[in-house]
Amino acid sequence: MTATRNRIEKSATAFRSIGEAAAELGLETHVLRYWETKFPRDVKPVKRSDGRRLFRPQDIDALRAIQILVHERGLTLKGAKSLLAEQGLQAVLSGAATLGNGTVASPARELQQTVAKAFNAEIPSETAPERQERLEGALVGLTDLKARLDAMRVRRAA
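Taken in order, the sequence shown gives residues 26 to 183; the numbers are from my numbering.
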């Protein structure tokens, strides 16, 4: 046989090897392996006795939903996992899954808002001695923080 033989189209219900699944989704095989570890409830490929993975159609659907959430909608893996748990695979694949109304507190979102406020805040006019005192106070705080980080690093190394 030649190396350029024609590929046979598999039916929608056929199992796929990791390479075939990755090619179908446009992803690398290591990504599928990683997602398999992060989404054990949704992605459970059948493993042969020699350890090769065979992805079932429902596994491909789950991987496609994860791809939509992570690559297209920009969710983290943790966010994608919780959205799949809350709304289900079919809601994501059909496009009916909603990302929420923003009422859920997010530490990252709070940090972004705090930083934005700090950049947009007006700096009060201050005299040179007041500025010097404020900068010295910040330097003392940073020096203390550095000392604590150094101590933690030494403890971990020991």
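Ideal Cβ positions, reconstructed from N, Cα and C, are used throughout, including at glycine.
At least 8 angstroms separates the beta-carbon of V68 from that of F40. Rounded to whole angstroms, the separation of the alpha carbons of G120 and P82 is 19 angstroms. In this structure, A48 keeps its C-beta atom at 8 angstroms or more from the C-beta atom of F64.
Between L52 and Q115, the CB-CB gap reaches or exceeds 8 angstroms. Of all alpha-carbon atoms in R178, L124, H96 and T123, the one lying nearest the alpha-carbon of L50 is that of H96. In the assembly as shown, K171 is an exposed residue. Its beta-carbon has fewer than 16 other beta-carbons within 10 Å. DSSP places R78 within a strand segment (E or B) once states are collapsed to three. For E61, the number of other beta carbons within 10 angstroms of its own is at least 16, and it is reported as buried.
In this structure, the beta-carbon distance from L124 to V117 does not fall below 8 angstroms. Under the DSSP assignment, H96 falls outside any alpha helix (DSSP H); it carries neither an H nor an E label.
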